[in-house]
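Numbering (full-length UniProt numbering), first residue to last: 1 to 363.
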């Protein structure tokens with residue numbers, strides 16, 4: 001198991017082991033070769049997903065069903081939009097092969113409803129997030145370090161939106177935060193951070209307005225039914241994605257090595273939901289091999305559980321969501337979370353490693 005080394009101040013804590021390349025090489029050598037081949041056939045899943053979305057919207061608008069039936073359909077449509085985004089995530093990593101143009105087409109199907117253009121997602125997620133996972137204040141998907149909040153105290157208000165802050169409105173965070181955070185990255189971070197150099201931000205902003213216009217048009221056509229055709233599906237899709245994304249890294253240490261075993265966490269989800277959600281629960285596996293199709297991720301999980309049982313960490317999904325709302329979000333040190341609005345509230349991440357490691361589960 002890794003150990004945290006504390007040579008001095010809390011900011012100097014170092015956590016992790018720089019053997020990620022060695023582990024990748026071993027897995028590529030020992031796992032079947034087809035584990036890492038593009039799975040283009042999986043693009044067919046967009047057909048039933050699209051059918052459910054458009055069919056559900058049509059029934060809501062034309063069938064005159066009671067409100068509770070429309071609510072059920074709205075949740076189904078939103079869930080399907082979220083599932084489609086999870087599959088599009090694989091597409092835009094290249095896991096399903098295809099040309100860049102076709103990848104963008106399916107990327108629009110998956111991320112367009114969440115107002116995230118495909119090329120923006122590639123830059124933000126594939127390049128900046130994957131290249132700087134849980135690294136200081138560099139990862140765009142992290143709430144960052146306490147130093148950031150001391151430098152800019154105004155950001156403490158933003159932290160109150162987050163799970164774990166204890167505010168009543170933080171419980172709504174999952175229902176809008178994927179799209180909300182995407183806009184913060186696009187409008188602010190992409191403008192000022194060097195990692196986004198060369199990215200066509202103006203085009204992406206125009207594309208976001210196009211996506212917004214389509215949602216507004218659907219709302220106008222729907223009239224009062226927009227609650228079921230726009231609001232609830234949008235919230236459900238956000239919540240589905242964020243229920244995974246926020247648990248993938250927020251309960252893990254910050255590391256300088258970008259080793260997925262140290263800075264990422266997988267989940268143990270319901271087997272049926274795991275398939276419906278395209279095995280997005282296998283997140284350590286994804287960070288080791290971003291271009292690997294997720295239907296092959298269980299092979300990587302098995303290898304890691306057998307070869308690195310003390311380091312491989314996968315928490316039950318429900319437990320991870322509960323902990324997300326009972327722990328603060330800002331890093332006091334590499335292995336400690338702190339509430340910037342109440343610095344006496346500190347949570348040590350290290351005990352989670354042994355508690356939810358594969359080795360402890362096997363015992």
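Just so it is clear, CB atoms sit at the ideal spot from N, CA and C, and this is done for glycine as well. The structure displayed is predicted, hence computed values, not measured ones.
- Selection 328, 267, 337 evaluated against residue 312 yields 267 as nearest (Cα-Cα).
- Collapsing the DSSP output to three states places residue 333 in a strand.
- The Cβ atoms of residue 95 and residue 291 lie closer than 8 Å to each other.
- Check the Cα spacing between residue 119 and each of 136, 92, 142, 134: the tightest is with 92.
- DSSP, read as helix, strand or coil, puts residue 320 in helix.
- CA-CA distance, residue 225 to residue 273, rounds to 28 Å.
- Note that the C-beta distance between residue 236 and residue 75 is below 8 Å.
- For residue 274, the enclosing alpha helix (DSSP H) begins and ends at 271-276.
- Distance from residue 86 to residue 317 at the Cβ level is roughly 14 Å; contact not present, criterion being Cβ atoms closer than 8 Å.
- Residue 344 carries a strand assignment under DSSP once its states are collapsed to helix, strand and coil.
- Counting C-beta atoms within 10 angstroms of its own C-beta, residue 100 has fewer than 16 neighbours from the protein chains shown and is therefore classed as exposed.
- Check the Cα spacing between residue 327 and each of 73, 217, 167, 229: the tightest is with 167.
- Counting the other CB atoms within 10 Å of its CB gives residue 262 a total of 16 or more, which places it among the buried residues.
- Residue range 67-93 is occupied by the alpha helix (DSSP H) that includes residue 75, with no beta strand (DSSP E) assigned at that position.
- For residue 214, the uninterrupted alpha helix (DSSP H) segment begins and ends at 201-222.
- Secondary-structure assignment with DSSP links residue 267 through a beta bridge to 315.
- The three-state secondary structure of residue 34, taken from DSSP, is helix.
- The three-state secondary structure of residue 141, taken from DSSP, is coil.
- Here residue 206 is exposed, its C-beta having fewer than 16 other C-beta atoms within 10 Å.
- In its chain, beyond the 5 residues on either side, 354 have a beta carbon closer than 8 Å to the beta carbon of residue 360.
- The straight-line gap separating the alpha-carbon atoms of residue 221 and residue 182 is approximately 27 Å.
- Contiguous alpha helix (DSSP H) elements confined to the stretch 141-174 occur at 146-151, 155-159, taking only those with 4 or more residues.
- One Cα belongs to residue 18, the other to residue 295, and the distance between them is close to 27 Å.
- The three-state secondary structure of residue 116, taken from DSSP, is coil.
- For the set 200, 165, 232, the Cα lying nearest the Cα of residue 68 is the one of 232.
- DSSP places residue 297 in the uninterrupted alpha helix (DSSP H) bounded by 297-307.
- Around the C-beta of residue 151, fewer than 16 other C-beta atoms lie within 10 Å, and the residue is accordingly described as exposed.
- Residue pairing of residue 338 in beta bridges, as defined by DSSP: 330, 346.
- Going by beta carbons, residue 257 and residue 22 fall outside the 8 Å limit.
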